[in-house]
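A.B. asks:
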Amino acid sequence: MRMANDEARWIARASEGDTAAFRHLVEAHSRALFRICVRITGDAALAEDAVQEAFFNAYRHLRDFDGRAAFATWLHRIAVNAALEQMRKRQRVESALPEGDENHDLLAHAFEHPPGPDRHAASAEVRRGIESQLARMSAIERAAFVLRHHEGQSLEDISAALSLSVSASKQAIFRAVRKLRAALEPMDTLES
Amino acid sequence: MNTISDDDLVLYHYRDGLGPDRLADIERALGASAGLRERYARIERALAGADAWPAPVPDAEFDTRLWRRLEPRLRAPSAVQRETRASWLGAVRAWLSPPRMAFAAATCVLALAVSIGFLAGRRSAPDLAGSRQADVAAARVLDAYVAAHLRATESVLLTASNSDSAKLLDGNREFAASLVEANRLYAIAAARAGNAQLADFLRQIEPVLIALANPVTSGAIQPAEGLRDYLDSTDLLFQVRATQARLERAGMHRT
Numbered sequence: 002m003r004m005a006n007d008e009a010r011w012i013a014r015a016s017e018g019d020t021a022a023f024r025h026l027v028e029a030h031s032r033a034l035f036r037i038c039v040r041i042t043g044d045a046a047l048a049e050d051a052v053q054e055a056f057f058n059a060y061r062h063l064r065d066f067d068g069r070a071a072f073a074t075w076l077h078r079i080a081v082n083a084a085l086e087q088m089r090k091r092q093r094v095e096s097a098l099p100e101g102d103e104n105h106d107l108l109a110h111a112f113e114h115p116p117g118p119d120r121h122a123a124s125a126e127v128r129r130g131i132e133s134q135l136a137r138m139s140a141i142e143r144a145a146f147v148l149r150h151h152e153g154q155s156l157e158d159i160s161a162a163l164s165l166s167v168s169a170s171k172q173a174i175f176r177a178v179r180k181l182r183a184a185l186e187p188m189d190t191l192e193s
Numbered sequence: 032m033n034t035i036s037d038d039d040l041v042l043y044h045y046r047d048g049l050g051p052d053r054l055a056d057i058e059r060a061l062g063a064s065a066g067l068r069e070r071y072a073r074i075e076r077a078l079a080g081a082d083a084w085p086a087p088v089p090d091a092e093f094d095t096r097l098w099r100r101l102e103p104r105l106r107a108p109s110a111v112q113r114e115t116r117a118s119w120l121g122a123v124r125a126w127l128s129p130p131r132m133a134f135a136a137a138t139c140v141l142a143l144a145v146s147i148g149f150l151a152g153r154r155s156a157p158d159l160a161g162s163r164q165a166d167v168a169a170a171r172v173l174d175a176y177v178a179a180h181l182r183a184t185e186s187v188l189l190t191a192s193n194s195d196s197a198k199l200l201d202g203n204r205e206f207a208a209s210l211v212e213a214n215r216l217y218a219i220a221a222a223r224a225g226n227a228q229l230a231d232f233l234r235q236i237e238p239v240l241i242a243l244a245n246p247v248t249s250g251a252i253q254p255a256e257g258l259r260d261y262l263d264s265t266d267l268l269f270q271v272r273a274t275q276a277r278l279e280r281a282g283m284h285r286t
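Chain order of the listed sequences is A and B.
Residues are numbered in our numbering as their position in the first sequence, beginning at 1, plus a constant of 1.
Residues are numbered in our numbering as their position in the second sequence, beginning at 1, plus a constant of 31.
Dropping the structure here:
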C-alpha cells in the first residue's frame, strides 16, 4: 500500500516535470522492463536502448496516464512497442530474417541440416537452440509469446499492448508455439 | 470425432481465450482419450522447454547507465510537452534552458582553457608544480563538461533517430542547434588543452549536429530515416558513448 502511494506521488510529481521523482519510477521498473525487452529483442544492447526509449516516451506522455490500468502495465505496453521498434530498426539494417510469413520460414532450412546427437547432450546447447528458434520468430510472434508465456499476461492485455485483435494475438502465439515445437520436438525424440 | 486442435490445447494450457464450456469439454476429453493426453503432453513439454531460457538479468551498472543517458533527454526541450507556469521561477528556468546552459558552459570551459594557457605561459620555473596542478584541474573540468555535452549529443541523436513525431523533431532540432556552438567551443578548448584526438572527434560530430539543426525539409520523416540509416551504418553513436565513458573515467582518475 505504501509502495502504491509512493508511486502515485512520484507519478504526480514527475508529470509536473520533476525528474528526481521520475528517477524513482525508473529505478522501480527498469529491471522488469529490461527483462521483457531482452526477451523480445534477444539482445541486451537493443533491450537497453528500448528501455531508455520506453522511459523517455513514458515521461513525455505521463499526463496521458489516466490510472485505469496499473502504472506497470502502462509502462510494459510502452516498453513492448519500444522493443519492437528496436527490432524493426535492426531488421532494416540487417534484412536478415523475413517476418511472420510461413512461406519464408527459415526453420525448414534449419532442419535440412539437423545437429548431431552430441549437440543435444548439453543443456546449454538446448538453451542456445531455443534462443535461436526464438530469434526465428517474427517480432510480433516473439512479443506475443513472451508476454503470454513468460510475463503471464492475458490475451486481452497482449492485444492492447501490441495493438492487435485478440484473434490476431492468438494466431501470433500459435505460430510461435509451432516454431518452438518444431525446434524442440526433434531434440525430444533424439533424447528419448 | 476429435475436434480439439493443438491450438485449443495451447489456450487450454494457459487457461486463456476459451470459454468455461470449452475448457470443460477439453478437460473431459483429456480424461477420456490417451491420444489427446499424449498430444497435450507434447505441447506442455515444448512450452516447458521455453522455460529453459533463463530470465535475463541486467548487469550491476544498468540503472546508473540508464539514468545517465536518460536524464539529459528528459531535460531537453523536446521532452517537455507541458504548459509552463508564467512565474518568475518558470522564467528563470526557461532562461536557464539547456541551449543557453550548453553555450554558457562551453564558453566558460573555453575561457578557463585560455586563461590557464595564458597563466602557464607567464609562469617561471619554480611555479611549474602549481602550473601542473592547474593543468590537471582544467583537464578535469574539460573532461566533465565535454562528457556532459556528449550525453546531450547522444540524446539528440537518439531522439532524431527514434522519433517520427514532427513536433518532437522540431524541439530536437532547436536542441541540436544549441549544441553546434557549444561543440565548436569544446573542440577549441580540447585543442588548446592539447587533446587533439578529442578535438578531432568533436569536429567530426559537428556536421551531424548542423544537419540535425537544419533539416532539408521541416518536420520531415525522411531525414529522420536518413539519420537512422547513417547511425546504423556508422558507429557514431557508439563512438559518442565510448568517448563520453572514457572522459568520465579519465576525470575520475586525474590527480
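Ideal placement from N, C-alpha and C gives every residue a C-beta, glycine not left out.
1. Using the Cα positions of LEU156(A) and LEU210(B), report the straight-line distance between them to the nearest angstrom.
2. Establish whether the CB of GLY66(B) and some CB of chain A are separated by less than 9 Å.
3. Within 10 angstroms of the Cβ of HIS114(A), are there 16 or more other Cβ atoms? Answer buried if so, exposed if not.
4. Going straight from the alpha carbon of ALA140(A) to that of SER160(A), what length do you get?
5. Is the separation between the beta-carbon of LEU63(A) and that of HIS30(A) shorter than 9 Å?
6. Pick from ASP50(A), ARG69(A) and GLU8(A): whose alpha carbon is nearest that of GLN87(A)?
7. List the residues of chain A whose Cβ lies closer than 7 Å to the Cβ of ASP94(B), in chain order.
8. Let me confirm a value: SER166(A) is counted as buried when at least 16 other C-beta atoms fall within 10 Å, else exposed. Which label applies?
9. Leaving out five residues on either side along the sequence, give the residues of the same chain with a beta carbon under 8 Å from the beta carbon of ASN104(A).
10. Quick test of your reading: VAL177(B) and ALA221(B), contact by CB under 8 Å. State the CB separation rounded to the nearest angstrom.
11. Could you name the residues of chain B that GLU54(A) contacts, counting a contact when the two beta carbons are closer than 8 Å?
12. By the 10 Å Cβ neighbour count, where 16 or more other Cβ atoms means buried, how is SER164(A) classified, buried or exposed?
13. At what residues does the alpha helix (DSSP H) containing ALA29(A) begin and finish?
14. For LEU34(A) versus ALA80(A), is the C-beta distance shorter than 9 Å?
15. Going by beta carbon distance, what residues of the same chain come within less than 7 Å of ARG40(A), once the five residues before and after it are set aside?
16. Could you list the residues in the stretch 146-166 of chain A with a C-beta less than 7 Å from some C-beta on chain B, going in chain order?
17. Check each candidate in LEU181(A), GLU186(A) and VAL27(A) and name the one with the smallest Cα separation from PHE56(A).
18. Got a sec: is the Cβ-Cβ distance from ARG76(B) to anything in chain A below 9 Å?
19. Can you find a CB in chain B that lies within less than 9 Å of the CB of PHE23(A)?
20. Alpha carbon to alpha carbon, what distance is there between ALA72(B) and SER64(B)?
21. Any beta carbon from chain A within less than 9 Å of GLU102(B)'s own beta carbon?
22. Identify, in the order they occur along the chain, each residue of the same chain with its Cβ nearer than 8 Å to the Cβ of PRO87(B), setting aside the five sequence neighbours on each side.
23. Going straight from the alpha carbon of LEU233(B) to that of GLU205(B), what length do you get?
24. Which chain B residues sit within Cβ distance under 9 Å of THR74(A)?
25. Hey, would you say ALA230(B) sits closer than 9 Å to ALA218(B), going by beta carbons?
26. Since HIS180(B) contacts ALA213(B) with CB under 8 Å, what's their CB separation in whole angstroms?
27. By the criterion of Cβ-Cβ separation under 8 Å, what are the contact partners of PRO87(B) in chain A?
28. For a contact defined as C-beta to C-beta under 8 Å, what are the partners of LEU181(A) on chain B?
29. Taking the straight line between their C-alpha atoms, what separation do you get for ARG36(A) and PRO89(B)?
30. Would you kindly work out how many angstroms separate the C-alpha atoms of GLN164(B) and ARG24(A), rounded to a whole number?
31. Along chain A, in chain order, which residues have C-beta atoms closer than 8 Å to that of VAL167(B)?
32. Ignore the nearest five residues each way along the sequence and tell me which others in ARG78(A)'s own chain have a CB closer than 7 Å to its CB.
C.D. replies: In short:
1. Walking along the first sequence from the start, residue 156(A) turns up at place 155. Walking along the second sequence from the start, residue 210(B) turns up at place 179. Their Cα atoms are separated by approximately 46 Å.
2. Taking the second sequence and counting its residues from 1, one reaches residue 66(B) at position 35. By this cut-off, GLY66(B) is not an interface position.
3. Here residue 114(A) is taken as the residue at index 113 of the first sequence, counted from 1. Bear in mind that the predicted position of HIS114(A) carries a pLDDT of just 37, short of 50, making it unreliable; the figure below should be weighed with that in mind. Exposed: under 16 other Cβ atoms inside 10 Å.
4. Taking the first residue of the first sequence as 1, we reach residue 140(A) at position 139. Taking the first residue of the first sequence as 1, we reach residue 160(A) at position 159. Distance between the alpha carbons of ALA140(A) and SER160(A): 14 Å.
5. Within the first sequence, numbered from 1, the residue matching residue 63(A) stands at position 62. Within the first sequence, numbered from 1, the residue matching residue 30(A) stands at position 29. Not closer than 9 Å, so no.
6. In the first sequence, residue 87(A) corresponds to position 86, counting from 1. Nearest option by C-alpha distance: ASP50(A).
7. Here residue 94(B) refers to the residue found at position 63 when the second sequence is read from its first residue. Residues of chain A passing the Cβ test: GLU28 and SER31.
8. For the purposes of this step, residue 166(A) is taken as residue 165 along the first sequence, with counting starting at 1. Exposed, by the Cβ-count rule.
9. Counted from its first residue, the first sequence places residue 104(A) at position 103. Per-residue confidence for ASN104(A) stands at a pLDDT of 35, beneath the threshold of 50, marking its modelled position as unreliable; the derived number appears in the next sentence. Excluding positions up to five away in sequence, the list is empty.
10. Residue 177(B) sits at position 146 when you count from the first residue of the second sequence. Residue 221(B) sits at position 190 when you count from the first residue of the second sequence. Their Cβ separation, rounded to whole angstroms, is 7 Å, which keeps VAL177(B) and ALA221(B) in contact under 8 Å.
11. Working through the first sequence from its first residue, we reach residue 54(A) at position 53. Within 8 Å Cβ-Cβ: LEU189 and ASN193.
12. Here residue 164(A) refers to the residue found at position 163 of the first sequence. Classification for SER164(A): exposed.
13. Taking the first residue of the first sequence as position 1, residue 29(A) is located at position 28. Residues 20-42.
14. Numbered from 1 along the first sequence, position 33 holds the residue referred to as residue 34(A). Numbered from 1 along the first sequence, position 79 holds the residue referred to as residue 80(A). Contact: yes.
15. Translated into the one-based positions of the first sequence, residue 40(A) becomes position 39. Excluding sequence neighbours, ARG40(A) sits near VAL147 and HIS151.
16. ARG149, HIS150, SER155 and LEU156
17. Reading the first sequence from its first residue, position 55 is the one you call residue 56(A). PHE56(A) has its Cα closest to that of VAL27(A), out of LEU181(A), GLU186(A) and VAL27(A).
18. The residue given as residue 76(B) occupies position 45 in the second sequence. Yes, contact with chain A.
19. For this step, residue 23(A) is matched to residue 22 along the first sequence. So yes, PHE23(A) belongs to the interface.
20. Mapped onto the second sequence, residue 64(B) falls at position 33. Mapped onto the second sequence, residue 72(B) falls at position 41. Their Cα atoms are separated by approximately 12 Å.
21. To locate residue 102(B), count along the second sequence from 1; it is residue 71. GLU102(B) counts as touching chain A.
22. For the purposes of this step, residue 87(B) is taken as residue 56 along the second sequence, with counting starting at 1. Contacts found: none.
23. Numbered from 1 along the second sequence, position 202 holds the residue referred to as residue 233(B). Numbered from 1 along the second sequence, position 174 holds the residue referred to as residue 205(B). Roughly 19 Å between the two C-alpha positions.
24. As a first step, residue 74(A) is located in the first sequence; it is residue number 73 there, counting from the start. Those within 9 Å of THR74(A) in chain B number zero; the least Cβ separation is about 16 Å.
25. Here residue 230(B) refers to the residue found at position 199 when the second sequence is read from its first residue. Here residue 218(B) refers to the residue found at position 187 when the second sequence is read from its first residue. Yes.
26. In the second sequence, the residue the question calls residue 180(B) occupies position 149. In the second sequence, the residue the question calls residue 213(B) occupies position 182. Indeed they touch by this definition, with Cβ atoms about 6 Å apart.
27. For the purposes of this step, residue 87(B) is identified with residue 56 of the second sequence, where counting begins at 1. Here the neighbours are PHE35, ARG36, VAL39, ARG40, ALA45 and ALA48.
28. Counting from 1 along the first sequence, the entry for residue 181(A) is found at position 180. Residues of chain B passing the Cβ test: ALA77, LEU78, GLY80 and ALA81.
29. Looking up residue 36(A) in the first sequence gives position 35. Looking up residue 89(B) in the second sequence gives position 58. When rounded, the distance between both Cα atoms is 8 Å.
30. Position 133 of the second sequence, counted from the first residue, corresponds to residue 164(B). Position 23 of the first sequence, counted from the first residue, corresponds to residue 24(A). Answer to the nearest angstrom: the Cα atoms are 36 Å apart.
31. Position 136 of the second sequence, counted from the start, is the residue given in the question as residue 167(B). What VAL167(B) touches in chain A: nothing, since even the nearest Cβ is about 32 Å away.
32. Within the first sequence, the letter at position 77 stands for residue 78(A). Contacts found: ALA161 and ALA162.
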